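Engineer:
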Amino acid sequence: MRLLVLGGTHFVGRAVVEEALRRGDDVTTLTRGRSGPPAPDARPLYVDRRDPAALTTALGDASWDAVVDTWAAAPSVVRASARLLADRVAHYGYVSSRSVYRWPLPESADESAPVVDADPGADDADYAAAKRGGELAVLESFEGRALVARAGLVLGPHEDVGRLPWWLARIARGDEVPAPGPVDRPLQYIDARDLAVWMLDAAAHRVTGVFNAVSRPGHTTIGELLQACVEVTGGGAQLVWVPPEAVEAAGVSGWTELPIWVPPTGELAGLHAADAEAAHRQGLRCRPVGETVVDTWAWLQADGVPPGRDDRPPVGLSPDAESRLRKAVAVDRSRR
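What follows is the structure, given as structure tokens:
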């Protein structure tokens, strides 16, 4: 397959490029060339997509079987790319996000849930509106030929948000680690490599439509994930389980201060409770959590903890927040 990847040096885009090359595909990447080198066996094109004239020149008159696009900023950039490629690409795969749904995310909601308002021609938008606008831009030009993958929480090697890397780094330091419970709290996520496999399979078989691209709810639990972190790091850390009500009493937030985890009730609960059956009927498969943890740790050992992204606040507990959690645990124990 002749594949064009708009991006390809960060997280999901990188996974797409690596998987495509592993399959023997002919891969072209298009980047600004500022965030790392392209894969050695890919054909690199360098251009700032925000410059339509430069983009037109860079792409020339080439054609491809499929394109994968991970853009997450101004929807107008996606619209320009989609319009330019409409007559010379058979299939357009756009990596969107479950953030396009109106907040709070309803539990057990499928792809028909209400989405945020967005303009595909907007030059500026927040993350949710940018991704929804990108969806609309792709669907305008590739109606009946587009796959929109609304990814949920994405983990795996080269994760640039830092959620799983934070847990691995904290647990590697050892000592008692406050762990948000309950231990059997179900999690829902996707390994970037599994998302890449599915999107490339979809391109090859011309699968189209809008999908929640994430594991089934309960693919693993917070207990299984954190225990896997303990085992792979070998730092002798001891997980100290903190009930959700004690987390709340300590004034600590899920998702950001306690990455990956969210309380089992409340407005964040829907982050781990999407209906993803449509994608699974179309062949989405998710690897065991232990494999994701082991491979992420191996990457961190080789490359070190990556810097945080400029467009997102840092994740993880501050020393003060961890201290408050420890006190909350002590109070909870005294009440038993």
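All residue numbers for the sequence shown refer to the working numbering, where the first residue is 94 and numbers rise by one.
Glycine is no exception: its CB is placed at the ideal position from the N, C-alpha and C atoms.
The model shown is predicted, which means the values in this text are computed figures rather than measured ones.
Which whole-angstrom value is the C-beta distance of R237 and W291, which I expect to be below 8 Å?
Structural biologist: Indexing the sequence shown from 1 puts residue 237 at position 144. Indexing the sequence shown from 1 puts residue 291 at position 198. A small fix is needed here, since residue 237 is Gly in this sequence, not Arg. Actually they are not in contact, since the Cβ atoms of G237 and W291 sit about 20 Å apart, beyond 8 Å.
Engineer: Would a C-beta distance cut-off of 8 Å place A265 and G328 closer than the cut-off?
Structural biologist: One-based indexing of the sequence shown puts residue 265 at position 172. One-based indexing of the sequence shown puts residue 328 at position 235. For A265 and G328, yes; Cβs fall inside 8 Å.
Engineer: Evaluate the contact criterion for the region 260–277 versus the region 204–222: three or more CB pairs, one atom per stretch, below 8 Å.
Structural biologist: As far as the Cβ criterion goes, the region 260–277 does not touch the region 204–222, which means the pair count is below three.
Engineer: Could you tell me whether the Cβ atoms of A306 and R380 are closer together than 8 Å?
Structural biologist: Counted from its first residue, the sequence shown places residue 306 at position 213. Counted from its first residue, the sequence shown places residue 380 at position 287. Cβ atoms of A306 and R380: not closer than 8 Å.
Engineer: Tell me the start and end of each unbroken alpha helix (DSSP H) in the region 334–379 that is at least 4 residues and wholly inside, in chain order.
Structural biologist: Listed in chain order, the complete alpha helix (DSSP H) runs (minimum 4 residues) inside the region 334–379 are 337–342, 370–374.
Engineer: Which residues mark the beginning and the end of the alpha helix (DSSP H) in which L293 is found?
Structural biologist: The count along the sequence shown starts at 1 and reaches residue 293 at position 200. Note, L293: alpha helix (DSSP H), 285–297.
Engineer: Under 8 Å, do S156 and V120 count as touching if we go by C-beta distance?
Structural biologist: As a position in the sequence shown, residue 156 is number 63, starting the count at 1. As a position in the sequence shown, residue 120 is number 27, starting the count at 1. No, these two residues do not count as a Cβ contact at 8 Å.
Engineer: Do V247 and L288 have their CB atoms nearer than 8 Å?
Structural biologist: The sequence position of residue 247 within the sequence shown is 154, counting from 1. The sequence position of residue 288 within the sequence shown is 195, counting from 1. In contact: V247 and L288 (Cβ atoms closer than 8 Å).
Engineer: Where T122 and L178 are concerned, what is the direct C-alpha to C-alpha distance, given to the nearest angstrom?
Structural biologist: Taking the first residue of the sequence shown as position 1, residue 122 is located at position 29. Taking the first residue of the sequence shown as position 1, residue 178 is located at position 85. Their backbone Cα atoms lie some 14 Å apart in a straight line.
Engineer: Between the C-alpha atoms of W164 and R172, what's the straight-line distance to the nearest angstrom?
Structural biologist: Indexing the sequence shown from 1 puts residue 164 at position 71. Indexing the sequence shown from 1 puts residue 172 at position 79. Distance between the alpha carbons of W164 and R172 is about 11 Å.
Engineer: If you follow the beta strand (DSSP E) that G227 is part of, which residue opens it and which one closes it?
Structural biologist: For the purposes of this step, residue 227 is identified with residue 134 of the sequence shown, where counting begins at 1. Premise fails: G227 lies in the alpha helix (DSSP H), 220–234, not in any beta strand (DSSP E).
Engineer: Please confirm if the region 308–326 is in contact with the region 359–375, defined as three or more CB-CB distances below 8 Å between the two stretches.
Structural biologist: They touch, by the three-pair rule.
Engineer: Is it the case that the Cβ atoms of L293 and V109 are separated by a distance below 8 Å?
Structural biologist: Position 200 of the sequence shown holds residue 293. Position 16 of the sequence shown holds residue 109. It is a contact, given that the beta carbons lie within the stated cut-off.
Engineer: In angstroms, rounded to a whole number, what distance separates the CA positions of V408 and A297?
Structural biologist: As a first step, residue 408 must be located in the sequence shown, where it is residue number 315. As a first step, residue 297 must be located in the sequence shown, where it is residue number 204. Their backbone Cα atoms lie some 37 Å apart in a straight line.
Engineer: Report the start-end ranges of each beta strand (DSSP E) in the region 132–218 that is 3 residues or longer and not cut off at the edges.
Structural biologist: Runs found: 136–139, 157–162, 182–190.
Engineer: Put D119 into one of helix, strand or coil per three-state DSSP.
Structural biologist: On the sequence shown, position 26 is the one that residue 119 refers to. Here D119 sits in strand by DSSP.
Engineer: Just mark V269 as buried or exposed, buried being the case when its beta carbon has 16 or more other beta carbons within 10 Å.
Structural biologist: Translated into the one-based positions of the sequence shown, residue 269 becomes position 176. Residue identity differs from the one stated: residue 269 is Glu in this sequence, not Val. It counts as exposed.
Engineer: Rounded to a whole number of angstroms, what is the C-alpha to C-alpha distance between V317 and A285?
Structural biologist: In the sequence shown, the residue the question calls residue 317 occupies position 224. In the sequence shown, the residue the question calls residue 285 occupies position 192. Note that residue 317 is Glu in the sequence shown, not Val. Distance between the alpha carbons of E317 and A285: 19 Å.
Engineer: Assuming V276 and W334 make a contact with CB atoms under 8 Å, what is their CB distance in whole Å?
Structural biologist: In the sequence shown, counting from the first residue as 1, residue 276 sits at position 183. In the sequence shown, counting from the first residue as 1, residue 334 sits at position 241. Contact holds; Cβ gap of about 6 Å.
Engineer: Please name the residue in L240, S201, F235, E252 whose C-alpha comes closest to that of F304.
Structural biologist: Locating residue 304 in the sequence shown gives position 211, where the first residue counts as 1. Per the Cα distances, L240.
Engineer: If we call anything under 8 Å between Cβ atoms a contact, is P145 one with D212?
Structural biologist: Here residue 145 is taken as the residue at index 52 of the sequence shown, counted from 1. Here residue 212 is taken as the residue at index 119 of the sequence shown, counted from 1. Cβ distance not < 8 Å, so P145 and D212 don't count as in contact.
Engineer: Going straight from the alpha carbon of D217 to that of G226, what length do you get?
Structural biologist: On the sequence shown, residue 217 is found 124 positions in, with the first residue counted as 1. On the sequence shown, residue 226 is found 133 positions in, with the first residue counted as 1. The alpha-carbon atoms of D217 and G226 are separated by roughly 10 Å.
Engineer: Going by DSSP, name the residue or residues bridged to R309.
Structural biologist: By 1-based counting over the sequence shown, the position of residue 309 is 216. Looking at the DSSP assignment, R309 forms no beta bridge with any residue, so it has no partner.
Engineer: Which term fits A391, buried or exposed, when burial requires 16 or more other beta carbons within 10 angstroms of its beta carbon?
Structural biologist: In the sequence shown, counting from the first residue as 1, residue 391 sits at position 298. Per the 10 Å Cβ criterion, exposed.
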